[in-house]
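*Asks:* Structure in C-alpha cells, see below.
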Amino acid sequence: MGEGHWQPGEGGSDQQATPVQSAADGVAIAVEPVGERWLVLHVTGELDMLTAPVLAEQIEYQVGADGVASGRALVFDLTGVGFLGSAGLAVLAEASKRAADQSLPRVRVVAGSRSVLRPIEVTGLDSVLDIHPDLSSATAD
Amino acid sequence: MSQPQTGQAEHKQGDLVDVEVRLLADLGQLFVVRALAATIAIRQDFALDAVEDVKLAVDEICSTLVPRAAVGEQLSCRFTASDGRITVLARVVSDSAVPVDEETFGWRVLTTLTDEAHSSVTPLGDAGYQVAIEVSQSQPSAYRS
Numbered sequence: 011m012g013e014g015h016w017q018p019g020e021g022g023s024d025q026q027a028t029p030v031q032s033a034a035d036g037v038a039i040a041v042e043p044v045g046e047r048w049l050v051l052h053v054t055g056e057l058d059m060l061t062a063p064v065l066a067e068q069i070e071y072q073v074g075a076d077g078v079a080s081g082r083a084l085v086f087d088l089t090g091v092g093f094l095g096s097a098g099l100a101v102l103a104e105a106s107k108r109a110a111d112q113s114l115p116r117v118r119v120v121a122g123s124r125s126v127l128r129p130i131e132v133t134g135l136d137s138v139l140d141i142h143p144d145l146s147s148a149t150a151d
Numbered sequence: 005m006s007q008p009q010t011g012q013a014e015h016k017q018g019d020l021v022d023v024e025v026r027l028l029a030d031l032g033q034l035f036v037v038r039a040l041a042a043t044i045a046i047r048q049d050f051a052l053d054a055v056e057d058v059k060l061a062v063d064e065i066c067s068t069l070v071p072r073a074a075v076g077e078q079l080s081c082r083f084t085a086s087d088g089r090i091t092v093l094a095r096v097v098s099d100s101a102v103p104v105d106e107e108t109f110g111w112r113v114l115t116t117l118t119d120e121a122h123s124s125v126t127p128l129g130d131a132g133y134q135v136a137i138e139v140s141q142s143q144p145s146a147y148r149s
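Below, the structure written as C-alpha cells:
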C-alpha cells in the first residue's frame, strides 16, 4: 500500500499535491495537505467493520511514530460517507483520544449528512469531535 | 362474495412485514442487510433519524455475528415489523459456544439504539452452536404521524 500514501514530510510545501488514494472494497481514502496546518483525509464509501481498519491504518501511517502528521492536524472529511458504523466511530474516538492525550486541538470532522451525523450524535462523540458542515469551514483558521 | 384481495389493502403505518434473508456470512455482504433494514424502517413510517438507528443496529448485530460464523456458513436475518415496531433476529452457526461479548463499544451503541437487545447460544449437536442476537426498536411516539 506504500505507493498509495501521501508521504509525510515530502509534500508539506507542495500546495499542488494531488490527493492519492488508498482503497478497499467499500471505501476509498484520499489524503491531501491543505495550507500549512491541515492534513485532510477525504473518505468516500461506507465505514463499517470491514472498511474501518483501512482508515485506521491510514491514520497510523500519516501520524507516524511521533504521533503527529508532520505537525499537521488531521481533518476527517466524511462528506462522501454513506454509512458510519461502530467500527468507524471507534476509529474517530481513538483519533480524538490521541489528540486529547497530546493536548492537541479537537479532531475536526466534516459531516453534513444524517447518515454520518446521527451515529456521531447517538454515541456522544459530537461532544469530543469538532464538527464542521463543510471543508472550507473546517480548515478556515 | 369474494374475499378482498390483500393487494388492494391501503398501505399505512403498521403494515405487517415478515422477511428473512440468508446470505454468505461475509462482512462485505452487509450492505444488503443495511439497505433492507432502511427500506423496512421507511415503510414503517420511522422518522429519518430512527431509520439511521435501525440501520446502525442491524449492522451492529450482523457485524458481531459474521466473524463468529463457521467457514462457509450463512447469516440469517429475519425482520418482523408491525405497528411501528421492528424486530430483527440475526443468526449464524458457529463452532464456538462462547457467549456474545456484551461489554464492547459496539454493544453499548446497540443498547443505546434499541429498546431491547439480547444474545443467545444454542447447541445444535454435531452441527455446532447457533449464535443469535435479537433487537427490537419502536418508532418514538413523539415522531408518529
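Residue numbers (the working numbering), protein chains in the order written: chain A, 11 to 151; chain B, 5 to 149.
Glycine included, each C-beta is placed from N, C-alpha and C at the ideal position.
None of these values were measured; they are calculated from a predicted model.
What's the gap between the Cα of residue 149(B) and the Cα of residue 46(B)?
*Replies:* Only weak support exists for where residue 149(B) lies, its pLDDT of 44 falling under 50; the value from the coordinates is given anyway. C-alpha separation (whole angstroms): 13 angstroms.
*Asks:* For chain B, check one thing: does any of its Cβ atoms lie closer than 9 angstroms to the Cβ of residue 124(A)?
*Replies:* yes
*Asks:* Assuming residue 135(B) and residue 96(B) form a contact by the criterion Cβ under 8 angstroms, report the distance between their Cβ atoms to the nearest whole angstrom.
*Replies:* 6 angstroms
*Asks:* On the criterion of 16 or more Cβ atoms from any shown chain inside 10 Å, does residue 59(B) qualify as buried, or is it exposed?
*Replies:* buried
*Asks:* Mapping DSSP to helix, strand and coil, what is residue 134(B)?
*Replies:* strand
*Asks:* If the cut is a Cβ gap below 9 angstroms, which residues of chain B does residue 100(A) touch?
*Replies:* 109, 110
*Asks:* Who are the near neighbours of residue 93(B) in its chain, counting only those whose CB is closer than 6 angstroms to its CB and skipping five residues on each side?
*Replies:* 82, 138
*Asks:* Three Cβ pairs or more, each shorter than 8 angstroms: is that satisfied between the stretch 59–78 of chain A and the stretch 126–145 of chain A?
*Replies:* Between the stretch 59–78 of chain A and the stretch 126–145 of chain A, the count of Cβ pairs shorter than 8 angstroms is below three; the stretches do not touch.
*Asks:* Check whether chain A comes within 9 angstroms of residue 49(B), counting only Cβ atoms and requiring the distance to be less than that.
*Replies:* no
*Asks:* When DSSP labels each residue in this structure, what does residue 140(A) get in the three-state scheme?
*Replies:* strand
*Asks:* My assumption, with CB atoms under 8 angstroms, is that residue 119(A) sits in contact with residue 86(A). Please give the rounded CB distance.
*Replies:* 5 angstroms
*Asks:* DSSP on residue 57(A), reduced to helix/strand/coil?
*Replies:* strand
*Asks:* Alpha helix (DSSP H) containing residue 68(A): first to last residue?
*Replies:* Residues 62–73.
*Asks:* Who are the neighbours of residue 32(B) on chain A, taking C-beta pairs under 8 angstroms?
*Replies:* Near residue 32(B) (Cβ distances below 8 angstroms), the residues of chain A are 35, 36, 60.
*Asks:* Within the same chain, show all residues whose beta-carbon is closer than 7 angstroms to that of residue 19(A), passing over the 5 residues directly before and after it, in chain order.
*Replies:* Its pLDDT being 47, under 50, residue 19(A) is placed unreliably in this model, and the value from its coordinates should be taken loosely. The residues are 80.
*Asks:* Look at residue 79(B) and residue 27(B) and say whether their C-beta atoms are less than 9 angstroms apart.
*Replies:* yes
*Asks:* Which residue from 141(B), 77(B), 50(B), 65(B) puts its Cα closest to that of residue 124(B)?
*Replies:* 65(B)
*Asks:* Let me know the secondary structure DSSP gives residue 86(A) once reduced to three states.
*Replies:* strand
*Asks:* Using the Cβ count rule (16 or more neighbours within 10 Å means buried), how would you classify residue 62(B)?
*Replies:* buried
*Asks:* Is residue 8(B) helix, strand or coil when you go by DSSP?
*Replies:* Only weak support exists for where residue 8(B) lies, its pLDDT of 49 falling under 50; the value from the coordinates is given anyway. Note: residue 8(B) maps to coil in three-state DSSP.
*Asks:* Assuming residue 143(B) contacts residue 54(B) under a Cβ cut-off of 8 angstroms, what Cβ separation, rounded to an integer in Å, is found between them?
*Replies:* 6 angstroms
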